[in-house]
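If you're matching positions, the sequence shown starts at 376 in this note's numbering and goes up one per residue. Beta carbons: idealized from backbone N, C-alpha and C, even for Gly.
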Amino acid sequence: MPGSMHNLFAYMLCFCEVGDPLSLWNRFKGNMTEDYSKEGLSVKESEGNALMRIDNILHFLGRNLVNINSPMYNVSPQNIISEERELNDSEENCPESLN
């Protein structure tokens, strides 16, 4: 479920006129970080990974969190690497799911 929320949040930021993205993030960040929290990451690392995932989706759409005026993040390099691997794995399977 959090993965779907990451996608929805990114698409809303990209294609809708969200008046206060930070407020929207603050309201739903618990839902968007629960998968990382269950893996034993701290709250800060969970939020950072969720935002990294959202930023990766936005990057795929030609945007990023900076130009949308959204919260910034700070995650450890190890978590960034694992998140990028997960995103790359899901993107490789994407064309198969479209057919």
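Of all the options the options, which has the alpha carbon lying nearest to the alpha carbon of residue i?
i, options, result
"residue 379", "417, 410, 423 and 396", "410"
So, helix, strand or coil for residue i, using DSSP?
i, result
"residue 389", "helix"
"residue 417", "coil"
"residue 437", "coil"
"residue 382", "helix"
"residue 395", "coil"
Drop a sphere of 10 angstroms on the beta-carbon of residue i, count the other beta-carbons inside from all chains shown, and report buried for 16 or more, exposed for fewer.
i, result
"residue 384", "buried"
"residue 436", "exposed"
"residue 405", "exposed"
Where residue i and residue j are concerned, what is the direct C-alpha to C-alpha distance, given to the nearest angstrom?
i, j, result
"residue 389", "residue 433", "7 angstroms"
"residue 407", "residue 392", "20 angstroms"
"residue 394", "residue 427", "21 angstroms"
"residue 381", "residue 425", "7 angstroms"
"residue 414", "residue 423", "14 angstroms"
"residue 442", "residue 400", "16 angstroms"
Give me, in chain order, the residues of the same chain whose beta-carbon lies closer than 7 angstroms to that of residue i; leave out the 5 immediate sequence neighbours on both sides.
i, result
"residue 430", "439 and 440"
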